[in-house]
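Data block below; observations after.
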Amino acid sequence: MGDDIMSWLLSFFFHASLVGLIGYQLMCLADLEFDYMNPYDSSSQINKVILPEFIIQGVLCFIHLATGHWFMFLFSLPYLYYNVRLYKRGKHLLDVTEIFNQLNWAKQLRIFKLVYIILLLVISIFWMIWSIGEAYD
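Count along the sequence shown from 1, then add 14; that gives the number in our numbering.
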C-alpha cells in the first residue's frame with residue numbers, strides 16, 4: 015500500500031509542477047498583452063518551459079502506466095498525444111514574429127491546458143486520500 019501512496023504523491027507533485035509551468039506561460043502572455051514585456055523576451059521565456067512541460071507530462075503518463083492506474087493513464091493520454099503531435103509538427107514553440115497574431119489562441123490553449131491539469135490534480139488528490147484511507151483501515 016505504501017507504493018500506491020508514493021505514486022499518488024509523486025503524481026500530485028508532477029501535476030502541481032505542470033500547473034506552475036502553464037501558469038508561468040500564461041503570466042508571460044499576459045505581460046506581453048499589456049506591454050510589460052517585449053515579444054522576444056516573452057516568446058523566449060515561454061519556449062524555455064515548453065519542453066520541460068512536455069517531458070513532465072510524458073513521465074507522468076509513464077508513471078500512471080507503470081503503477082497500473084489505468085484510469086489516470088487513459089485520462090492523461092489525450093493531453094500527451096496533443097503535445098507529441100505539436101512537437102512532431104514543429105508547432106510547439108512560439109514564433110517571435112507571429113506572437114501577436116497568435117496571442118489569443120495561445121492564451122486560450124494554455125487556459126484549456128490549465129483547467130485540464132487542475133482537473134487531473136483534483137482527481138489525483140482524491141485517489142491519494144483514498145489510498146491513505148485504505149492504508150489505515
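For every residue, glycine included, the Cβ atom is placed at its ideal position computed from N, Cα and C.
For residue i, collect the residues of the same chain with a Cβ closer than 7 Å to its Cβ; drop the 5 residues on either side in sequence, then sort them by chain order.
| i | result |
| --- | --- |
| W141 | W22 |
| N61 | L107, L108 |
| L94 | Q71, G72, C75 |
| A120 | L43, L108 |
Going by DSSP in three states, residue i sits in which element: helix, strand or coil?
| i | result |
| --- | --- |
| N118 | helix |
| F48 | coil |
| I139 | helix |
| V63 | helix |
| D109 | coil |
| D151 | coil |
How about residue i and residue j: are their beta carbons less than 8 Å apart?
| i | j | result |
| --- | --- | --- |
| L24 | I77 | yes |
| F26 | I113 | no |
| I64 | L107 | yes |
| D45 | S56 | yes |
| C75 | L100 | no |
| I19 | I137 | no |
| L135 | V33 | yes |
| Y54 | V110 | yes |
Near residue i, what residues of its chain come up, given a Cβ to Cβ distance below 6 Å and the 5 sequence neighbours on each side ignored?
| i | result |
| --- | --- |
| L128 | I36 |
Quick one: residues in its chain with C-beta nearer than 8 Å to the C-beta of residue i, no 5 flanking neighbours on either side, listed in chain order?
| i | result |
| --- | --- |
| L4 | It is not possible to answer for residue 4, since the shown part of the chain is limited to 15 through 151. |
| P66 | L35 |
| R124 | I36, Q39, L40, L43 |
| L117 | L43, L46, E47 |
- Task: Mind listing, in chain order, the continuous beta strand (DSSP E) runs of no fewer than 3 residues lying wholly within the stretch 70-107?
- Result: You should have found no qualifying run.
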